[in-house]
Structure formats: C-alpha cells, structure tokens
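In the UniProt record's numbering, the protein residues as written are 1 to 277.
The beta carbon of each residue, even a glycine, is placed where N, CA and C say it ideally should be.
Okay, structure first, notes after.
Below you can see the structure in the form of structure tokens.
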C-alpha cells in the first residue's frame, strides 16, 4: 500500500517505517496521523513482524506537527460546551497515534537524525529505544508557540530521563543536543552518520528478531506495566503472566540451541484475535 508520509517494508521479521518527505523536513501532515494508525494496525496483524524500526530521510527526522493539522483541529460546532468536547476528542485521537506504538507486542526502535521537534519528541518518547546521529537534537517546541505539549511528551519523557531535564526543555523551549541526550539516557547510542546509524539499528533489530517473540512480547508488557505500577504489583503480574507463558516450546528450544551452538528457531505469534464488533 502506498502512503503519503511513509515508506513501509517488512523483511526478516523487521518492519521498517521511513518518513519520506525530506523536502518538507518530514512535517506531520494530516495524512501522517491517519497513516501511522493504519500502518501499526497492519503490523500488529502480521505475525511475521517481531520488531519495527522507525527512521526518516533528509536533514531532519521531523519538524513536528504541520500547521494544516492545527487548522483541522478547529471544531465544527458553535455551542461552547460541544465545541470543547469535540476538541478534546480530536486531541485524544492524536494521542492514540503514538499510544498505539506502546501497545505493540514487539519493540519499536527510533533512528533519529537532525531535528526531532515538537510532535517528533512525542513520537520517539513512545518508542522502546532511541538512537541518534551526533547532529541530532530534541526540541519540545510547543512552549515557543504558546501552548502546552499534549500528545505524550510530558507524560512519557519524565519516565525516560531525569524530571529536571524534561522541565528545563519544556519550560525554556531550548534544544537538547545529541551528546546531552545520550548522557541523560534519552538516546541509547550515537552514530557519526545516518548510514552508520541505520546499519547499527538494523543490527540491533535483527538481534531482537532472533529471540522468542513470545518472550519479547512478555518483556515489553512487563516493562510497560512496571513503569506505571509499584514493584509489588509488577512482581505479582509477572508471576501470573509466566504461570501461563513459561510452559512453552520456546524455552527448551532456546536451551537446546545454545548447547548445540546454533541459532534457535521460534514460531511466530498467533495473529491478534478478530474483533467481535
């Protein structure tokens, strides 16, 4: 399927989503928001996908939300209460475009070059890992246009980096450079070039894809759950989870492969259950 904002390929259990509007600095046009939901819905339904890489083209990863999206947020009704309710639903719909990334059964890795601005920070904050070129920078730009960021940055970023760093970025509108982003843990690894970054991230994606997809899905589920719950809640959840998931053929296969010095062979997960309505 052809998309306006993305190129999408799937190979060797790795889905690669690439923003493809470099001349416009990959700004998040209206099509971006509908397409990202469609793409991740399709990837979720594809049992062969075990990891996804999100990258971009050109000088900047993304310039953030396109002005046309702001225009589309204008409510169609006049009555004040209904106008506000409609606007709230539109904001929630935008949030869903990134929340869907967290709900994927597989990890999503972001490869970032140049500017990651505004909505770009919301996007990569929802990913499992972030990698960047040395010229990259992160910019919570909303404060500079008189608004509060509302699509996930202020909710997710404090769970990734020290809260003081987020507050400095959000209150001042200053850029966070790649070196500092690496120091505070926003970025896993820095690369000298875009090409080297893509090679490195694809190698990590391949390593993830070689593990049991059932164990990877469980690991992501536990990490996300533990981020938002107490240690006791997390321990209770993993005990329940593994009481159901531990008796799998993947465990003896992984052990046998290690002893035989070969690559393990794991079955794909089943497709998600069909929607009843």
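In chain order, what are the residue ranges of uninterrupted alpha helix (DSSP H) at least 4 long that sit wholly in the stretch 78-116? 80-103
What do you get for residue 122, buried or exposed, if any count of 16 or more other CB atoms within 10 angstroms of its CB means buried? Translated into positions along the chain shown, residue 122 becomes position 122. Buried is the call here.
In whole angstroms, what separates the C-alpha of residue 147 from that of residue 50? The residue given as residue 147 occupies position 147 in the chain shown. The residue given as residue 50 occupies position 50 in the chain shown. Cα to Cα, residue 147 sits roughly 37 Å from residue 50.
Taking residue 190 and residue 227 to be in contact with their CB atoms under 8 Å, please state how far apart those CB atoms are, rounded to whole angstroms. Sequence index remark: in the chain shown, residue 190 carries index 190 (1-based). Sequence index remark: in the chain shown, residue 227 carries index 227 (1-based). About 24 Å; that fails the 8 Å criterion.
What is the residue span of the beta strand (DSSP E) that residue 68 lies within? Counting from one through the chain shown, the residue named residue 68 turns up at place 68. That residue, residue 68, is in no beta strand (DSSP E); its alpha helix (DSSP H) goes 67-72.
Exposed or buried, which one is residue 112 when buried takes at least 16 other CB atoms within 10 Å? In the chain shown, the residue the question calls residue 112 occupies position 112. When all chains shown are included, residue 112 counts as buried.
Starting from residue 183, follow its DSSP beta bridges and name the residues at the other end. Position 183 of the chain shown, counted from the first residue, corresponds to residue 183. None, per the DSSP bridge assignment.
Alpha helix (DSSP H) containing residue 171: first to last residue? To locate residue 171, count along the chain shown from 1; it is residue 171. Taken as a continuous stretch (DSSP letters only), the alpha helix (DSSP H) holding residue 171 covers 163-172.
I need the DSSP call for residue 250, collapsed to helix, strand or coil. Here the question's residue 250 lines up with position 250 in the chain shown. In the structure shown, residue 250 sits in a helix (DSSP, three-state: H, G or I).
With DSSP as the reference, please indicate the residues paired to residue 129 in a beta bridge. Locating residue 129 in the chain shown gives position 129, counting from the first residue. Answer is 109.
If distances are taken between C-alpha atoms only, which option among 185, 214, 38 comes closest to residue 250? Residue 250 sits at position 250 when you count from the first residue of the chain shown. Considering only alpha carbons, the answer is 214.
List the DSSP bridge partners of residue 9. Here residue 9 refers to the residue found at position 9 of the chain shown. 16.
What's the gap between the Cα of residue 79 and the Cα of residue 151? Indexing the chain shown from 1 puts residue 79 at position 79. Indexing the chain shown from 1 puts residue 151 at position 151. Computed Cα separation, rounded: 25 Å.
Delimiting residues of the alpha helix (DSSP H) encompassing residue 156: Working through the chain shown from its first residue, we reach residue 156 at position 156. Run containing residue 156: 153-156, per the alpha helix (DSSP H) assignment.
If you draw a straight line from the C-alpha of residue 181 to the C-alpha of residue 77, how long is it? Within the chain shown, numbered from 1, the residue matching residue 181 stands at position 181. Within the chain shown, numbered from 1, the residue matching residue 77 stands at position 77. Distance between the alpha carbons of residue 181 and residue 77: 43 Å.
Could you check which residue in 256, 26, 22 has the C-alpha nearest to that of residue 65? By 1-based counting over the chain shown, the position of residue 65 is 65. The residue with the shortest Cα to Cα distance from residue 65 is 26.
DSSP three-state assignment for residue 203, whether helix, strand or coil: The residue given as residue 203 occupies position 203 in the chain shown. In the structure shown, residue 203 sits in a helix (DSSP, three-state: H, G or I).
Across which residues does DSSP place residue 189 in a beta bridge pair? The count along the chain shown starts at 1 and reaches residue 189 at position 189. DSSP output for residue 189 lists 131 as bridge partner(s).
When you compare each of 61, 68, 71, 14 to residue 47 by their alpha carbons, which one comes out closest? Within the chain shown, numbered from 1, the residue matching residue 47 stands at position 47. Looking at the Cα atoms, 14 is the closest of the given residues.
Hey, could you find the ends of the alpha helix (DSSP H) residue 269 is sitting in? Within the chain shown, numbered from 1, the residue matching residue 269 stands at position 269. Premise fails: residue 269 is in no alpha helix (DSSP H) and is neither H nor E.
Just to confirm, are residue 98 and residue 115 a CB contact at a threshold of 8 Å? Here residue 98 refers to the residue found at position 98 of the chain shown. Here residue 115 refers to the residue found at position 115 of the chain shown. No; because the gap between Cβ atoms is not below 8 Å, this pair is not in contact.
Taking 8 Å as the cut-off, does the stretch 161-179 touch the stretch 20-38 (at least 3 CB pairs, one atom from each stretch)? no
Would you tell me roughly how many angstroms separate the C-alpha atoms of residue 86 and residue 73, rounded to the nearest one? If you number the chain shown from 1, residue 86 lands on position 86. If you number the chain shown from 1, residue 73 lands on position 73. So the two alpha carbons sit approximately 9 Å from each other.
Kindly indicate which residue of 95, 104, 24 has the alpha-carbon position closest to the one of residue 68. Taking the first residue of the chain shown as position 1, residue 68 is located at position 68. With distances taken between Cα atoms, residue 68 lies closest to 24.
Around the C-beta of residue 202, are 16 or more other C-beta atoms found within 10 angstroms, so that it is buried, or is it exposed? Mapped onto the chain shown, residue 202 falls at position 202. Buried, by the Cβ-count rule.
Using the Cβ count rule (16 or more neighbours within 10 Å means buried), how would you classify residue 11? Numbered from its first residue, the chain shown carries residue 11 at position 11. Exposed, because fewer than 16 other Cβ atoms sit within 10 Å of the Cβ of residue 11.
So who's on the other strand from residue 52, going by DSSP bridges? To locate residue 52, count along the chain shown from 1; it is residue 52. Its beta-bridge partners are 15, 108.
Which one of 124, 88, 142 has the shortest CA to CA distance from residue 102? Numbered from its first residue, the chain shown carries residue 102 at position 102. Nearest of 124, 88, 142 to residue 102, Cα basis: 124.
Does residue 139 come out as helix, strand or coil in the three-state DSSP assignment? As a working note, residue 139 is residue 139 in the chain shown. Strand at residue 139.
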